Amino acid sequence: MSNALHRDVAIIGGGLVGSSAALALRRMDFSVVLLDKGFCGAQASGVNYGGVRRQGRPAEQIALSQRAHAIWPRLKGLIGIDGEFVRSGHLKLARTEAEMASLEAYAGRVADLGLDLELIGGNQLRGRFPWIAGDVMGASLCAGDGHANPRLVSAAFADAARRAGVDVLEQTRVSHVEKALEGFCLSAGSNTEIKARFVINSAGAWAGPFAEAFGEPVPLHAIYPSMIVTEPLDVFMSVNIGAEGGGIYARQVERGNCIVGGMRGEPLAEPDFSRPTGSGAVTIMNRAAALFPALRHAYAIRSWSGTEGEMADRNPVIGFSRTTPNLIHAFGFSGAGFQIAPGVGEVLAELVRDGESRTPIQAFAIDRFARTTQDSRADNGPEPKKREAAQ
Amino acid sequence: MSDATRPLIVGAGPAGIRAAQILVSSGIRPAVIDEAPSGGGQIYRQRLVADERSAKDLYGSEAAKATALHGTFAGIRDRIDYYPETLVWNLRDKAADAVTGHRTRRIPFSHLILATGATDRVLPFPGWTLPGVFTLGGSQIALKSQGCAIGEEVVFLGSGPLLYLVAWQYVKAGANVAAVLDTSQFSAKLHLLRGLFAQPSVVLRGFRYAAELMARGVAVRFGVQPVRIDGATRVEGVVWRERDVEHRLACDAIGYGFSLRSETQLADLAGCRFVFDARDRAWRPERDGAGRTTMPGVYIAGDGAGIAGADAAELAGERAGLALLEDVGLSVDHVRIGVLERKLASISKFRDVLEAAFPFPQAWANGISDDVTLCRCEEIAIGAVRDAVRDQGVFELNRLKALTRVGMGRCQGRMCGNAAVEVLAAACGQSPDAVGRLRAQPPIKPIPLGVMAEEETA
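Line by line, the protein sequences give chains V and U.
To convert, note that position 153 of the first sequence is 153 in this note's numbering; the numbers rise steadily by one, no gaps.
To convert, note that position 421 of the second sequence is 812 in this note's numbering; the numbers rise steadily by one, no gaps.
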């Protein structure tokens, strides 16, 4: 018994980008089918660090990030839960003079973009955040940033989309997609055939082959950011912590568990899943114990890693295909997609409805690589310097 | 040869020690890592500090086996690299990450024998998280290792052979056992008569425990349905139902459990394929009759490979050691292999009898009320599972974990996992094998953040 669907939009990949696009499109009255090879929000969207952070993003992402920023406090109304979102502030630490200079330069570059960054010197930092130890030269605080629970948020967007009337087909891998006379034909799962006017490729780390199928190879490779979580502790960490130059990021949830990341894991034999390395997990734990005295005697109860797509230039691909009408790409968020994803969902819905978005996305065009296609590379070492990798 | 063959054995219980003995006898020097301060495993666990108790006091009818095993381990002590009080918290690419106190080291290996044992299978019921409630295994450890009872007036509750063994050990030690409450029917015990032919000594021992308990005035009840454990801040009594009549007994401690569950996280981290074992109602590593898993060079023996008991663990440990020797091309005693495999097959048949005599309480999953704590680490109630099934269409265990936090805490599902499977499967109208199994994540048990990494051992 085959299953045939005819929808306005078919979305490949039920991560936070695909799910939020599905919800936004449905609210515009489009008919939508959302396809995921596993469970919606079970990959990078659901197992990432959970930072809801604008600070540190390149200037070209800030408009999109600001759009998403307005969505986060409205989650309860939008998807039925607040997703444990808290506007705690995001404090980016500088451990050297050079890193402090880099934070200052960044603050200058985004000064007119509404982030309201506050640069804090070393002495003041020790007074205001006495729970941070070590040689910290200073920091940059973005008071409006925060964190949330990706496990809950990403699945809830898909649930909300389903309630709004989206056909959410989980455990349904898209095996083939091609352009037809009118729109697209997709084959998915064991017996699902879909006709759709638009296709959104939001397949995350698995998006590359779908782009390539339409003649648009991209320098996308998989990364495996890994994290550890502590047992519940007295709450001491009042802000979401990042570090200029990378290497550590940390937040504490209301229940008291601290989540700390900063290294990368490795894929398993079953490549949809990955796991932190032992040495990587120890490195993260040691960095956390050194930076936060309150964690020195704490225990790590679990570590994990997710599979994420990273672009060579660490900016996502968002926008129309250059080869195929009505094909839209949105992937490659390079370890920093969680905060902006709900904004991207709205942008994608506008692209379908209007053919353009009111938020500038030119910097994320897929053809930016056409002249400088790079080879993909394996990367399971420490997080790269200079740009904070996780959200 | 010994340069290339550097086996690692995880666990120094009956299976691990016998495996080590076989390797040592062929001139191989294995590393043996064990969480306990001394060898013997849970069943033959040794005292923390010497006291006046004899082996007979500690291990009863199994004293000779315990003494022999401890003697074997002491005898090979200088021909193995032994790491007591050490936890293998991660496995990957032929190396184990092992933590001792605040030091972690990476131990490379050529072959791996997992002899990781079992813990109690816990099924929650009202009051199970009150102070004073222990597992049967925990009750036994308190007695054997620390020489203390879990309370002044102890009730043992649940099902499985351990129920009677622990109660008997408590009585023998002079503790006051108020009652033994068996959730299975007396009539089920008649299945044991079938086992008389296969394992007569085991069956007779079991009957002797029960008879001696009764002779000493311990109330032994069958067909018990636990209702709740009473108590404001700690255990004050237990309430149960027998043929629709409610009973209450005052007590200050309860030891309970429903048979055992295999410790399989390391096999999962090692990449072994799992199969569902209908008898254990759990997933376990797939293995051949010799203990070879689906991963080349990885072997598994003892209760960690599926519940079979201490005698089987000794045999399976030896068999796995022999399999390793065969696989590296050393000569082995094929007659001995035949004996081991026949004995293991006989014990395996006897396990069917034991399962029939101490059946899993099938009605539990549908009968347990929503407000009972399921996952005590994350403080999630039974009802959260049913809500996730009803409201979010959950039908798979890892998805349940992601959406409800069941199994996400300190124990990583080692305590609550089996119960979560039963509740999830019942709520979905499925059998337990249909809802999947939790993916293991390192560390398999909590480790300190301040742990210091040591250089790799050469």
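Every residue, glycine too, gets a C-beta built ideally from N, C-alpha and C.
Fair warning: this is a prediction, and the values are worked out from it, not measured in the lab.
- For the region 538 to 619 of chain U, the continuous alpha helix (DSSP H) assignments of 4+ residues that do not extend past its boundaries occur at 552 to 563, 582 to 589 and 591 to 606, in sequence order.
- Residue environment: residue 472 of chain U is assigned as exposed (fewer than 16 neighbouring CB atoms within 10 Å of its CB, all protein chains considered).
- Residue 794 of chain U reaches chain V at 151, 152 and 155, counting residues in chain order whose Cβ is nearer than 8 Å.
- Against chain U, the beta carbon of residue 285 of chain V has neighbours under 7 Å at 840 and 842, listed in chain order.
- Interface annotation, residue 480 of chain U: in contact with chain V, CB-CB separation under 9 Å.
- Residue 69 of chain V sits in a helix when the DSSP states are folded into three classes.
- With the criterion set as a beta carbon lying under 9 Å from some beta carbon of chain U, the members of the region 224 to 247 of chain V are 228, 229, 230, 231 and 232, in sequence order.
- Going by beta carbons, residue 31 of chain V and residue 9 of chain V fall inside the 9 Å limit.
- In its chain, beyond the 5 residues on either side, 75, 152 and 156 have a beta carbon closer than 7 Å to the beta carbon of residue 81 of chain V.
- Cβ-Cβ distances below 8 Å link residue 273 of chain V to 267 and 307 in the same chain, with the five nearest sequence neighbours on each side left out; the list follows chain order.
- The C-alpha of residue 824 of chain U lies about 37 Å from the C-alpha of residue 627 of chain U.
- Secondary structure at residue 725 of chain U: helix, using DSSP grouped into helix, strand and coil.
- With its beta carbon less than 9 Å from one in chain V, residue 660 of chain U belongs to the interface.
- If you compare the alpha carbons of U:416, U:433, U:423 and U:537 with that of residue 704 of chain U, the shortest gap goes to U:433.
- The criterion of a C-beta distance shorter than 9 Å is not satisfied by residue 625 of chain U and residue 721 of chain U.
- For residue 679 of chain U, no Cβ of chain V is located within less than 9 Å of the residue's own Cβ.
- Residues of chain V with a Cβ closer than 7 Å to the Cβ of residue 495 of chain U are, in chain order, 282.
- Using a Cβ distance threshold of 9 Å, residue 510 of chain U and residue 654 of chain U count as a contacting pair.
- Against residue 131 of chain V, chain U offers no close residue; the least beta-carbon distance is about 15 Å (beta-carbon pairs closer than 7 Å).
- With a threshold of 9 Å between beta carbons, residue 830 of chain U makes contact with chain V.
- In the three-state reduction of the DSSP assignment, residue 150 of chain V falls in the helix class.
- A Cβ-Cβ separation of about 6 Å places residue 545 of chain U in contact with residue 561 of chain U under the 8 Å criterion.
- Residue 799 of chain U reaches chain V at 302, counting residues in chain order whose Cβ is nearer than 8 Å.
- Between the region 231 to 250 of chain V and the region 358 to 369 of chain V there are fewer than three inter-stretch CB-CB distances shorter than 8 Å, so the stretches are not counted as touching.
- Chain-order list of chain U residues neighbouring residue 46 of chain V: 793, by C-beta distance under 9 Å.
- With its beta carbon at least 9 Å from every one in chain V, residue 403 of chain U lies outside the interface.
- Taking C-beta atoms as the reference points, residue 456 of chain U and residue 699 of chain U fail to come closer than 9 Å.
- Those residues of the region 408 to 420 of chain U placed with their C-beta closer than 8 Å to a C-beta in chain V do not exist.
- DSSP places residue 429 of chain U outside both helix and strand once states are collapsed to three, so it counts as coil.
- Closest by C-alpha distance to residue 332 of chain V, out of V:365, V:52 and V:324, is V:365.
- In this structure, residue 723 of chain U keeps its C-beta atom at 9 Å or more from the C-beta atom of residue 502 of chain U.
- For the pair residue 346 of chain V and residue 67 of chain V, the CB atoms are nearer than the 9 Å cut-off.
- With its beta carbon at least 9 Å from every one in chain U, residue 49 of chain V lies outside the interface.
- Counting along the chain, the unbroken beta strand (DSSP E) around residue 185 of chain V starts and ends at 184 to 188.
- Bounds of the beta strand (DSSP E) holding residue 249 of chain V are 249 to 252.
- For residue 169 of chain V against residue 25 of chain V, the beta-carbon gap comes to about 15 Å, at or over 8 Å, which does not count as contact.
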